[in-house]
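Data first, discussion second: the structure below is written as structure tokens.
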Amino acid sequence: MRKAARRCLGFELKIIRNFLNVHPPAIPWKANDTLFVTWVGINDLAYNPDVDVTINALFKLQEELYDQGARNFLFCDVPCVDRSPAYIQMGIEGAETRFHDWNLALDNAIRTFVAEKSTKNDPITAIYFSSHKVFSALLDHPDEYGFPQKDTQKAGGSIWMDHLHPTSAVHLIVAMELHVMLSSIPQSAPPEGLKEGKHETT
């Protein structure tokens, strides 16, 4: 299994190595059967709080994928990491706003990307999935997901593996929610424009 990129720079290297330099035959794919998934941002915000700079760099990479033939995209926003034990203990000022700004900029960038690239004769599909809403719902109502209330801010509990990273049980819930959203998109629907599941940004 290939390791996931941890930051936007790592994402760039993954694209160059896996899709731009060796396509094909090392990783054969077709536009109509391949979904390009992007889920970055948490580590980028930790190292560089300038949201616009990173988002712009991220979508230059999406354009490179588009130029190589990619037409189906899935974008995941960042979860509410400001509610993790680490951020609560450190009391980082403006953390909630920082993640909100990222998600808003991501949503706007997706819409711009679709508007510029998708045409009637050559449409693209861009799907937006909000991990932020999944995490928020879980932390607001942990009992509904099978977690005790006391674990919402506890490192080493059933929700947070440590001070920052969620447990496998939480990852499973996110995966299940993503599966539900993707399954709700009709396979016969024309792949055109921005498609949002029930976790769209508000």
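Take my numbering: the final residue in the sequence shown is number 238, and no numbers are missing along the way. Note that CB positions come from ideal geometry on N, CA and C, so glycine has one too.
- Between the beta-carbon of Asp113 and that of Ser166 there is about 5 Å, and that keeps the pair under the 8 Å contact cut.
- Ranking Glu100, Gln104, Gly105, Ala141 by CA distance to the CA of Thr90 puts Ala141 first.
- Taking all protein chains shown into account, Ser204 has fewer than 16 neighbouring C-beta atoms within 10 Å of its C-beta and is therefore exposed.
- When DSSP assignments are scanned along the stretch 108 to 164, the uninterrupted stretches of beta strand (DSSP E) that are 3 or more residues long and fall wholly within it turn out to be 108 to 112.
- In the same chain as Arg119, and ignoring 5 residues on each side of it, the C-beta atoms closer than 7 Å to its own belong to Leu175, in chain order.
- If you draw a straight line from the Cα of Asn157 to the Cα of Arg107, it is about 12 Å long.
- Using a C-beta cut-off of 8 Å, the stretch 136 to 153 makes no contact with the stretch 190 to 207, since fewer than three inter-stretch Cβ pairs fall below that distance.
- A distance below 9 Å separates the beta carbons of Arg134 and Val87.
- With contacts defined by Cβ atoms closer than 9 Å, Lys153 and Tyr102 form a contacting pair.
- Taken through DSSP and simplified to helix, strand or coil, Ala106 comes out as coil.
- The beta carbon of Glu132 sits closer than 7 Å to those of Asp118, all from its chain and outside the five residues before and after it, given in chain order.
- Counting of Cβ neighbours within 10 angstroms places Met217 among the buried residues, the total reaching 16 or more.
- The beta carbons of Gln125 and His199 sit closer together than 9 Å.
- By alpha-carbon distance to Gly105, the top candidate from Lys186, His215, Lys169, Phe72 is Phe72.
- In terms of Cα proximity to His215, the closest of Ala82, Tyr83, Val170 is Val170.
- Look at Thr90 here: in three-state DSSP terms it is helix.
- A check of alpha carbon separations from Ala82 across Tyr181, Tyr123, Pro64 identifies Tyr123 as the nearest.
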